[in-house]
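Trainee: Numbering-wise (the numbering used here), the sequence shown opens with residue 780 and increments by one. Virtual Cβ for every residue (Gly too), placed ideally from N, Cα, C. Nothing here was measured: the structure is a model prediction, and the numbers come from that model. Once you've had a glance at the structure underneath, I'll fire off some questions.
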Amino acid sequence: MGFNEKSNCIKDSVYIDEGISATNTKKRDGFNQMIEDALAGKIDLIITKSVSRFARNTVDSLTTVRKLKEKGIEVYFEKENIYTLDSKGELLITIMSSLAQEESRSISENTTWGKRKQFADGKGSLAYSTFLGYEKGEDGSLQVNPEQAETVKLIYQLFLQGLSPYAIGKKLTGLGIKSPAGKDTWHQSSVKSILTNEKYKGDALLQKQYTADFLTKKRKKNQGEIPQYYVEGNHEAIIPPETWELVQEEMERRKSMDTRYSSASIFSSKIKCSECGNWYGSKVWHSKDKYRRVIFQCNHKFKNDKKCQTPHITEDEIKEAFVKAVNAVIPEKDELIANTKVMMRTLCDTTELEVEQSRLLTEMKTVAEMVKRIVAENKAAATDQGEYQRRRNELVARYEAARDGYEKASGEISDRQGKRKTYMRFIGGLQKLDGFCGKFDEELWTALLDYATVYARDDIRFTFKAGNEVKVDG
């Protein structure tokens, strides 16, 4: 779309820098006044002859375009026929970013190289003052702080008992335990950070963030843009690795719940009603007298026209039935492990998807280079703008198709890797069973069980994560 196709435009002012060949914006009074007026709300659209005329280097161009874009102010580059607020303008900004990166490299490459070399050597840094459970040892390594480590262990224990990060934070605040920052109040974000940080199992993931923008120095979560380094057994663990993995799985399970997770207990969103398919939830009977007790019943028992006939059950009944179910699978433990390994090989293989992911990433990089090239050619010489627009649109469509395919493949890889971890923890839970299960174990409940379905008080069926079902009679 050319400028003439834009409607409702009223010319406000013309800004000129006469006879100035400055390489940055500092000496361009007309340019700086225009930007100041735009940011003050006096201008909605800036029209300029070309990208090269807008600013004398791509660093200044990119900085200014981004600043204006944040305020909803559009820049139209006449020669390139690009509006910065449309989707194609986004691609232009990406191209300019790569050019700006080259211009800025000489300023920051020494510092960046030094940090990344340190990461590659397995050395990282830590904000010890706000990192609960560890302190800096004499040799510079992570050393367990025994008192703080007890708080970390309590957080993991409470989570596996069924409490949410919010409920855990509330409990810690009530107990008078200081937060990692030394505050009296705990926030769920702090609890969640502790529950998901691999350092608590003794490992270290280095280069989790990186400087994404040389201009703003903004740091971004590293999602594969640059190498990450994972060091196993880097330091003494506070939480056993298998417990840490259980917590990650439980966190993902709660996240995937169709309805909001209730943090009442470890049984929340784990027990189903056989009649309507909804979850059982906890209810308190006789809450204010000596007969008080907690029971579980269908959350929709009284919400439908037809009342569900499934019975309520107590926590002790659930625990007793689960122990029976576990003991029922122990004799076929070896067969279950073998079958689960077959399912892992069949359902969790990512080889072909990774090849496709790599191909699409290469395609994205290739197309981005092609776009940069035709933009540079159009900038350097007079070309047929209709032909230029057609070629650019084709490349943008090609890039977007590759990007969509890449994201789909990445999502499938992530799903399969998650499923593989679930199977691995199921196998680990089975391998810990030796002879007879004498009492209820919270970690086994989390590692082995997918869900339980209540048909009657004497008919509870447990579906394990390998897909096998065990019926427990009363």
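Would Asn1172 be called buried (16 or more neighbouring beta carbons within 10 Å of its own) or exposed?
Mentor: In the sequence shown, counting from the first residue as 1, residue 1172 sits at position 393. When all chains shown are included, Asn1172 counts as exposed.
Trainee: Are Ala1231 and Lys1112 touching if we call contact CB-CB under 8 Å?
Mentor: By one-based count along the sequence shown, residue 1231 stands at place 452. By one-based count along the sequence shown, residue 1112 stands at place 333. No, the Cβ-Cβ distance between Ala1231 and Lys1112 is not below 8 Å.
Trainee: If distances are taken between C-alpha atoms only, which option among Tyr935, Lys949, Ile1045, Val931 comes closest to Trp1224?
Mentor: The count along the sequence shown starts at 1 and reaches residue 1224 at position 445. Closest by alpha carbon: Ile1045.
Trainee: State yes or no: is the C-beta of Leu824 within less than 8 Å of the C-beta of Tyr794?
Mentor: As a working note, residue 824 is residue 45 in the sequence shown. As a working note, residue 794 is residue 15 in the sequence shown. No, the Cβ-Cβ distance between Leu824 and Tyr794 is not below 8 Å.
Trainee: Could you give the first and the last residue of the continuous beta strand (DSSP E) run that contains Trp1064?
Mentor: Here the question's residue 1064 lines up with position 285 in the sequence shown. Where Trp1064 is concerned, the enclosing beta strand (DSSP E) stretches over 1059-1064.
Trainee: Label Gln812 either buried or exposed according to how many other C-beta atoms from any shown protein chain fall within 10 Å of its C-beta, with 16 as the threshold for buried.
Mentor: Your numbering for residue 812 matches position 33 in the sequence shown. The residue in question, Gln812, is exposed, as its Cβ has fewer than 16 Cβ neighbours within 10 Å.
Trainee: Would you report the Cα separation of Lys1250 and Lys1244, rounded to the nearest angstrom?
Mentor: By 1-based counting over the sequence shown, the position of residue 1250 is 471. By 1-based counting over the sequence shown, the position of residue 1244 is 465. Answer to the nearest angstrom: the Cα atoms are 15 Å apart.
Trainee: Within this structure, are the beta carbons of Leu933 and Lys1049 separated by less than 8 Å?
Mentor: As a first step, residue 933 is located in the sequence shown; it is residue number 154 there, counting from the start. As a first step, residue 1049 is located in the sequence shown; it is residue number 270 there, counting from the start. No, they are not a contact pair.
Trainee: Can Leu939 and Met1030 be called in contact, C-beta distance under 8 Å?
Mentor: Locating residue 939 in the sequence shown gives position 160, where the first residue counts as 1. Locating residue 1030 in the sequence shown gives position 251, where the first residue counts as 1. No, they are not a contact pair.
Trainee: Excluding five sequence neighbours on each side, which residues of the same chain lie with their C-beta closer than 7 Å to the C-beta of Phe782?
Mentor: Translated into positions along the sequence shown, residue 782 becomes position 3. Reliability fails at Phe782, whose pLDDT of 45 lies under 50, so the model's placement of it is uncertain and the value that follows must be treated cautiously. Once the five neighbours on either side are set aside, the close Cβ partners of Phe782 are Ile826, Tyr855, Glu857.
Trainee: For Asn889, which residues from the same chain have a beta carbon less than 8 Å from its beta carbon, with the 5 sequence-adjacent residues on both sides left out?
Mentor: Taking the sequence shown and counting its residues from 1, one reaches residue 889 at position 110. Since pLDDT at Asn889 reaches only 42, below the 50 mark, its modelled position is unreliable, and the value read off the structure follows with that caveat. Counting only Cβ-Cβ distances below 8 Å, and skipping sequence neighbours, we find nothing.
Trainee: Taking the continuous beta strand (DSSP E) assigned at Gln1136, which residues delimit it?
Mentor: Working through the sequence shown from its first residue, we reach residue 1136 at position 357. Looking at the DSSP string, Gln1136 is not in any beta strand (DSSP E); the run it does join, the alpha helix (DSSP H), is 1130-1159.
Trainee: Could you round the C-beta distance between Leu1115 and Asn1247 to whole angstroms and report it? I think they count as a contact, below 8 Å.
Mentor: If you number the sequence shown from 1, residue 1115 lands on position 336. If you number the sequence shown from 1, residue 1247 lands on position 468. Contact flag correct, Cβ pair sits at about 7 Å.
Trainee: Using three-state DSSP, classify Asp1095 as helix, strand or coil.
Mentor: Your numbering for residue 1095 matches position 316 in the sequence shown. Note: Asp1095 maps to helix in three-state DSSP.
Trainee: What does the Cβ neighbour count give for Gln1210, buried or exposed, with the cut at 16 atoms within 10 Å?
Mentor: For the purposes of this step, residue 1210 is taken as the residue at position 431 of the sequence shown. With fewer than 16 Cβ atoms within 10 Å of its Cβ, Gln1210 is classed as exposed.
Trainee: With a 10 Å radius around its C-beta and 16 neighbouring C-beta atoms as the bar for buried, classify Ala1100 as buried or exposed.
Mentor: Sequence index remark: in the sequence shown, residue 1100 carries index 321 (1-based). Per the 10 Å Cβ criterion, buried.
Trainee: Please confirm whether Glu1011 and Asp982 have their CB atoms less than 8 Å apart.
Mentor: Taking the sequence shown and counting its residues from 1, the one referred to as residue 1011 is at position 232. Taking the sequence shown and counting its residues from 1, the one referred to as residue 982 is at position 203. Contact: yes.
Trainee: If you count every other CB in all the chains shown that lies within 10 Å of the CB of Lys1218, and 16 or more means buried, which is it?
Mentor: As a first step, residue 1218 must be located in the sequence shown, where it is residue number 439. Exposed.
Trainee: Could you tell me if Phe1215 is buried or exposed, where buried requires 16 or more neighbouring beta carbons within 10 angstroms of its beta carbon?
Mentor: Reading the sequence shown from its first residue, position 436 is the one you call residue 1215. So Phe1215 ends up on the exposed side.
Trainee: Return the Cβ separation of His1091 and Phe1075 in integer angstroms, given the expectation that the two are a contact with Cβ distance under 8 Å.
Mentor: On the sequence shown, residue 1091 is found 312 positions in, with the first residue counted as 1. On the sequence shown, residue 1075 is found 296 positions in, with the first residue counted as 1. 6 Å between Cβ atoms; contact.
Trainee: Is the distance from the Cβ of Arg1195 to the Cβ of Thr1130 below 8 Å?
Mentor: Along the sequence shown, read from residue 1 onward, the residue named residue 1195 stands at position 416. Along the sequence shown, read from residue 1 onward, the residue named residue 1130 stands at position 351. Not closer than 8 Å, so no.
Trainee: Rounding to the nearest angstrom, what Cα-Cα distance links Lys1187 and Lys848 in this structure?
Mentor: Walking along the sequence shown from the start, residue 1187 turns up at place 408. Walking along the sequence shown from the start, residue 848 turns up at place 69. Computed Cα separation, rounded: 29 Å.
Trainee: Under the assumption that Cys1127 contacts Lys1198 (Cβ atoms under 8 Å), give the Cβ distance between them as a whole number of angstroms.
Mentor: Translated into positions along the sequence shown, residue 1127 becomes position 348. Translated into positions along the sequence shown, residue 1198 becomes position 419. Sure, about 5 Å apart at Cβ, within 8 Å.
Trainee: Give me the residue from Thr1145, Arg1170, Ile1097, Met1143 with the minimum Cα distance to Thr1156.
Mentor: Within the sequence shown, the letter at position 377 stands for residue 1156. The amino acid occupying residue 1156 in the given sequence is Glu; Thr does not appear at that position. Nearest option by C-alpha distance: Arg1170.
Trainee: Starting from Lys1051 and walking both ways along the beta strand (DSSP E), at which residues does that stretch end?
Mentor: Counting from 1 along the sequence shown, the entry for residue 1051 is found at position 272. Run containing Lys1051: 1050-1052, per the beta strand (DSSP E) assignment.
Trainee: Roughly how many angstroms separate the alpha carbons of Gln880 and Leu1174, rounded to a whole number?
Mentor: As a first step, residue 880 must be located in the sequence shown, where it is residue number 101. As a first step, residue 1174 must be located in the sequence shown, where it is residue number 395. Interpretation of Gln880 is limited by its pLDDT of 49, a score under 50 that renders its predicted location unreliable; the figure taken from the coordinates is listed afterwards. Using only the alpha carbons, I get a separation of about 22 Å.
Trainee: Could you name the residues of the same chain whose beta carbon sits closer than 7 Å to that of Ile956, not counting the 5 residues immediately before and after it, in chain order?
Mentor: Taking the sequence shown and counting its residues from 1, the one referred to as residue 956 is at position 177. Only Thr930 meet the Cβ criterion.
Trainee: How big is the Cα-Cα spacing for Glu815 and Gly851?
Mentor: Locating residue 815 in the sequence shown gives position 36, where the first residue counts as 1. Locating residue 851 in the sequence shown gives position 72, where the first residue counts as 1. Roughly 14 Å separates the two Cα atoms.
Trainee: Check whether the Cβ atoms of Lys971 and Ile1018 lie closer than 8 Å to each other.
Mentor: The sequence position of residue 971 within the sequence shown is 192, counting from 1. The sequence position of residue 1018 within the sequence shown is 239, counting from 1. The answer is no: Cβ separation not under 8 Å.
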